[in-house]
Amino acid sequence: MYRCLIIDDEPIAIRVIRNHLASFSDFEVVAECNNALEAISVLSKEKIDLMFCDIQMPQLTGVDLVKTLSHPPQVIFTTAYRDYAVDAFELHVVDYLLKPISFERFAKAIQHFLIQENPTPPLRESISTNQEKDFIFLKADKKHYKVNLADILFIESLGDYVITYTADMKIVSKERISHLAEVLPSDRFIQVHRSYIVSIDKIESVGPGFVEINKKKLSVGRNYKAELNKLMDTF
21 MYRCLIIDDE PIAIRVIRNH LASFSDFEVV AECNNALEAI SVLSKEKIDL MFCDIQMPQL
81 TGVDLVKTLS HPPQVIFTTA YRDYAVDAFE LHVVDYLLKP ISFERFAKAI QHFLIQENPT
141 PPLRESISTN QEKDFIFLKA DKKHYKVNLA DILFIESLGD YVITYTADMK IVSKERISHL
201 AEVLPSDRFI QVHRSYIVSI DKIESVGPGF VEINKKKLSV GRNYKAELNK LMDTF
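For the sequence shown, the numbering used here begins at 21 and goes up steadily by one.
Below is the structure:
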């Protein structure tokens, strides 16, 4: 479990980060602080793995906070300003998120953190399937979601996590896309990129280097073009 600290002088910003983080089962919020001085107190008492830190705050900026720490945790800056990006990356932070922070951009920052942490491979039980069934179970939020195969639009990889998209929801589960590629029926799903598996029935169009599903263009990787072309030739 990765222990997180959220620092921001705006309650709404803290709530957004907390809600985004709730989708990732291996992360927990240890404390929330409204300024850098409160954060210093927390850091002196708690082991923190990842710190989400605003930059412009009263008394001490987020950049100055990180500079004062002799052994800072991993840091993701969250700010409404682009001006501090150079200063931030000189501190070797994980990522620099501009507000308002979308879930998709937040998830990519989590992926960057996981890559740096080099976590252990996910357990296979996070997904279960029966080849004779028309559904799969995805483990997320400490429970298993039953997802009908017919409802899946596409699946996106985020390192050790995947996001399964349907028309009504998206489910974030700890699983590698390579395992899903093995268990999903090949006559209904095709991997078009190292980051995407798509439902064949949901493909609306195929263009140069992309497939379109639900009006969203997904990149087609060079190593997957031949398999996609073979699929198109069968129709």
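Ideal Cβ placement from N, Cα and C applies to all residues, glycine included.
- Taking the Cα of residue 205 as reference, the smallest distance to any Cα among 195, 194, 218 is reached at 218.
- Where residue 44 is concerned, there is no enclosing alpha helix (DSSP H), because DSSP gives it neither an H nor an E.
- The C-beta of residue 43 has 16 or more other C-beta atoms within 10 Å across all chains shown, which makes the residue buried.
- Counting along the chain, the unbroken alpha helix (DSSP H) around residue 60 starts and ends at 56-65.
- A straight-line Cα-Cα distance of about 46 Å links residue 36 and residue 253.
- Just measuring C-alpha positions, the residue of 223, 185, 83, 238 sitting nearest residue 107 is 83.
- Distances from the alpha-carbon of residue 155 to those of 162, 168, 164, 163 put 168 closest.
- Membership of residue 200 in the alpha helix (DSSP H) is indicated by the continuous run 197-203.
- The three-state secondary structure of residue 21, taken from DSSP, is coil.
- Using a Cβ distance threshold of 8 Å, residue 50 and residue 71 do not count as a contacting pair.
- Within its own chain, the residues whose Cβ lies closer than 8 Å to the Cβ of residue 220, once the five positions on either side in sequence are excluded, are 207, 208, 209, 210, 251, listed in chain order.
- Going by C-alpha positions, residue 116 is about 15 Å away from residue 136.
- At least 8 Å separates the beta-carbon of residue 213 from that of residue 165.
- Secondary structure of residue 244 (DSSP, three-state): helix.
- At the C-beta level, residue 172 and residue 184 come within 8 Å of one another.
- DSSP, reduced to helix, strand and coil, places residue 156 within a strand of the structure shown.
- Between the C-alpha atoms of residue 90 and residue 27 there is a straight-line separation of about 18 Å.
- In the structure shown, residue 80 adopts coil according to DSSP, grouped into three states.
- Per DSSP, the unbroken beta strand (DSSP E) holding residue 117 starts and ends at 115-118.
- Apart from sequence neighbours up to five positions away, the residues of its chain that approach residue 57 with a beta-carbon distance below 7 Å are 79, 80, ordered along the chain.
- Residue 34 is not a Cβ neighbour of residue 48, given a cutoff of 8 Å.
- Nearest C-alpha to residue 159 among 63, 102, 99, 200: 200.
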